[in-house]
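Per our numbering, numbering of the sequence shown is gapless, rising by one per residue and ending at 195. Backbone N, C-alpha and C fix where the C-beta goes; we use that ideal spot for every residue, glycine too. Computed from a prediction, not measured in an experiment: that's the story for all the values here. First up is the structure itself, then whatever we jot down about it.
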Amino acid sequence: MAQKKWIVRGVIVVAVFAAMLIYCVKAMLDYPSDVSVESPSGRYVMQNVPVEKIFMLGGMAYLRVTDKQNPQKVYRTPLYDMQSLDMRPFENEQKVGISWIDFDQQAKTFTISMPQWKESWLNIFISNTPYTNLEND
59 MAQKKWIVRG VIVVAVFAAM LIYCVKAMLD YPSDVSVESP SGRYVMQNVP
109 VEKIFMLGGM AYLRVTDKQN PQKVYRTPLY DMQSLDMRPF ENEQKVGISW
159 IDFDQQAKTF TISMPQWKES WLNIFISNTP YTNLEND
């Protein structure tokens with residue numbers, strides 16, 4: 059009987075943690091951006107979305123890229139440190155992005171080349187787009 063009580067308590071703790079995680083991730087995905095820029099062609103909107111209010115992620119953000127020709131499709135990078143943020147946009151025939159972050163328009167992938175970029179366990183929830191990190195220490 060006592061063992062069953064502990065199992066029930068454990069299940070409740072896991073369920074509460076899962077519910078909090080889902081709520082926090084949903085909140086991060088819906089945060090407004092603090093900076094928005096358009097690509098030089100005007101086709102893409104790139105938004106820096108800070109997430110410092112959740113999980114004590116001070117200074118962290120992700121880039122949200124929206125193709126204006128297909129606005130229901132939104133691409134999100136993994137989390138990065140805003141200290142390295144430079145929102146100057148660029149675009150060529152294959153890639154669009156900001157300094158340190160490229161989005162391949164055909165492959166629909168990100169390349170991150172930020173100095174001292176670190177992987178976060180939250181990236182599995184935040185980033186919905188494949189990405190590679192070019193080591194740049």
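Classification of residue i by the beta-carbon crowding that lies within 10 angstroms, buried from 16 upward
i: Thr190; result: exposed
i: Met78; result: exposed
i: Ile184; result: buried
Contacts around residue i, its chain only, beta-carbon distance under 6 Å, and the 5 residues preceding and following it disregarded
i: Phe161; result: Val123, Val154, Gly155, Phe168
i: Asp144; result: Ser157
i: Pro199; result: Outside the shown range of the chain (59 to 195) lies residue 199, about which nothing can therefore be said.
C-beta contact flag for residue i and residue j at 8 Å
i: Pro147; j: Ser178; result: no
i: Pro140; j: Pro173; result: Residue 140 is actually Met in this sequence, not Pro. No, they are not a contact pair.
i: Ser94; j: Gln105; result: yes
i: Ile170; j: Ile159; result: yes
i: Tyr120; j: Lys166; result: no
i: Ser271; j: Glu149; result: With the chain running from 59 to 195 in the structure shown, residue 271 is simply not present.
Residues near residue i in its chain [Cβ-Cβ closer than 8 Å; skip 5 each side]
i: Trp64; result: none
i: Met118; result: Pro108, Val109, Glu110, Leu137, Tyr138, Asp139, Met140, Ser178
i: Ala73; result: none
i: Asn186; result: Val132, Tyr133, Arg134
Cut-off 7 Å between Cβ atoms - residues of its own chain near residue i, not counting five sequence neighbours on either side
i: Gln163; result: Gln152, Lys153, Val154
i: Ser142; result: Trp158, Met172, Pro173
For residue j and residue i, the rounded distance between their alpha carbons
i: Gln61; j: Ile80; result: 29 Å
i: Arg101; j: Lys131; result: 13 Å
i: Phe75; j: Gly116; result: 21 Å
i: Val103; j: Lys126; result: 7 Å
i: Glu193; j: Trp175; result: 8 Å
i: Met86; j: Pro129; result: 19 Å
i: Tyr89; j: Cys82; result: 11 Å
i: Val69; j: Lys84; result: 22 Å
First and last residue of the uninterrupted beta strand (DSSP E) at residue i
i: Tyr133; result: 132 to 134
i: Asn106; result: 102 to 108
i: Asn191; result: 189 to 191
Alpha helix (DSSP H) segment containing residue i, residue limits
i: Gln61; result: 60 to 88
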